[in-house]
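Residue numbers (the numbering used here): 7 to 514. One structure is given below, encoded as structure tokens.
Below you can see the structure in the form of structure tokens.
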């Protein structure tokens, strides 16, 4: 039996503690939650909504947004993720919350790699990123710098035409996917490294294999990014981590060779600087007191970005454009008529492109239906803000589904139809100010290489349709063309595009 003095001590204490705990529970439950979070589907323990992404996340997320709205909250493992799927929500984000949402998430998958220049390339928002951005905008992608590479673009398109004309006599299909990739890789290589590499390293199949592997590895799904606690074990088992390490080791060795070669190469002072020359000059001229001291790692980071961003996206856009045009003979004939009516010489030069208004509409329509990076690269929110009336928390990842925005019936009539005429007398452009068409993003994180990329695409398409007629092989019909997508860092056509060219003698 409990002693009397202990009884009178413990019983009141027990009731006091119980009352305090009950009061705390009541207050917690009764406390109003002032946050209005975006809607989202039911989630699973641990995985959250990862199981809903599917093999083509831009399409899966587009379907979910039709049910849960243009601003949607998903829990991808341990990562809260906001998905934006309308022009109105994108406009609000870029115009009023760009600074609050322009950082980059530090992805655990890439963060485990042992290459310092990845920290430069995928850096979050801050002084470091702003200075890297300044280098790109003031030194590498100015109008004068882009114009200085005009001759390279025209020469490489000329080489492409010669290659196709040599094949056209056999009436055999040619692989336009491979030809387009070689074109953009040749241009980027000469722009970045100089003509010393043309016909050398670039023609090495191993180099193209390295680039393909790197793009596939970066675009691959990494569980470490979403479930850091044990996701790395899964990545080790399925080989994601190993593929990343191998790809970046090969790229690092190649870029190191490029940098050393340019240092030792005694070029004529009359020749235009290539991009590596510009960055190495900045390295020599920078000092410890500079906001960003340009190092060899910084040089390698920037040329890696230029390659990864420029080669696959440009080639993919050319292939999708050719695919859509062959599927739509009316549009193809109209484009050919414009080009052949306007151009009175042997090939299309960049100075002629301004006259080709229908060509520019075609390119806009291709970018609307097939944006190279359909979810853009992920952002990370820096501070809380409201979007579309919902509360957005810091450290949330943010994806803008430009693929869904480009097919939104609230912004586009007959959005699934390939109809370039929709841009007649329209001011809608892809430069980041018209939010129903933002294939290159917008705000502080907009792609700095827009002009370089679109000039290459327009010049290639104009010449391909000036010099050749195109038809499908083996009696194929337009509806038989495979439109299946392949997911990586970019969304490309899964099966190669093979067409039969016939050379046209346009001029007497």
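Note that beta-carbon positions come from the ideal geometry of N, C-alpha and C, so glycine has one too.
Starting from residue i, trace the alpha helix (DSSP H) both ways and give me its first and last residue.
i           : result
residue 291 : 281-291
residue 520 : Nothing about residue 520 can be read from this structure; the chain reaches only from 7 to 514.
residue 368 : 363-375
residue 63  : 63-74
residue 151 : 149-154
residue 412 : 408-412
Taking the continuous beta strand (DSSP E) assigned at residue i, which residues delimit it?
i           : result
residue 475 : 474-477
residue 344 : Element bounds for residue 344: not the beta strand (DSSP E) but the alpha helix (DSSP H), 335-348.
residue 199 : No beta strand (DSSP E) contains residue 199, which is instead part of the alpha helix (DSSP H) from 182-199.
Quick check: the Cα distance between residue i and residue j, rounded to an integer number of angstroms?
i           : j           : result
residue 376 : residue 433 : 20 Å
residue 505 : residue 418 : 31 Å
residue 405 : residue 264 : 34 Å
residue 182 : residue 168 : 14 Å
residue 301 : residue 198 : 17 Å
residue 319 : residue 378 : 5 Å
residue 395 : residue 97  : 14 Å
residue 208 : residue 187 : Only weak support is given to the placement of residue 208: the predicted model assigns it a pLDDT of 44, under 50, and the value that follows is read from those uncertain coordinates. Roughly 11 Å between the two C-alpha positions.
residue 495 : residue 428 : 29 Å
residue 486 : residue 334 : 12 Å
residue 468 : residue 239 : 49 Å
residue 80  : residue 283 : 45 Å
residue 259 : residue 87  : 35 Å
residue 47  : residue 58  : 9 Å
residue 323 : residue 373 : 7 Å
residue 253 : residue 470 : 33 Å
residue 191 : residue 49  : 42 Å
residue 503 : residue 74  : 36 Å
residue 382 : residue 106 : 17 Å
residue 415 : residue 172 : 44 Å
residue 368 : residue 483 : 21 Å
residue 308 : residue 104 : 23 Å
Quick one: grab the DSSP three-state call for residue i.
i           : result
residue 81  : strand
residue 118 : Caution is warranted here: a pLDDT of 43 is assigned to residue 118, below 50, making its placement in the model unreliable, and no coordinate value can be reported.
residue 520 : Outside the shown range of the chain (7 to 514) lies residue 520, about which nothing can therefore be said.
residue 234 : coil
residue 99  : helix
residue 109 : strand
residue 311 : helix
residue 300 : coil
residue 27  : Its pLDDT being 46, under 50, residue 27 is placed unreliably by the model, and nothing is read from it.
residue 419 : coil
residue 351 : coil
Considering only DSSP beta bridges, list what residue i is partnered with.
i           : result
residue 403 : 87, 386
residue 397 : 392
residue 493 : 497
residue 506 : 477
residue 50  : 54
Which whole runs of the alpha helix (DSSP H) in the stretch 445-488 are 4 residues long or more, in chain order? 456-473
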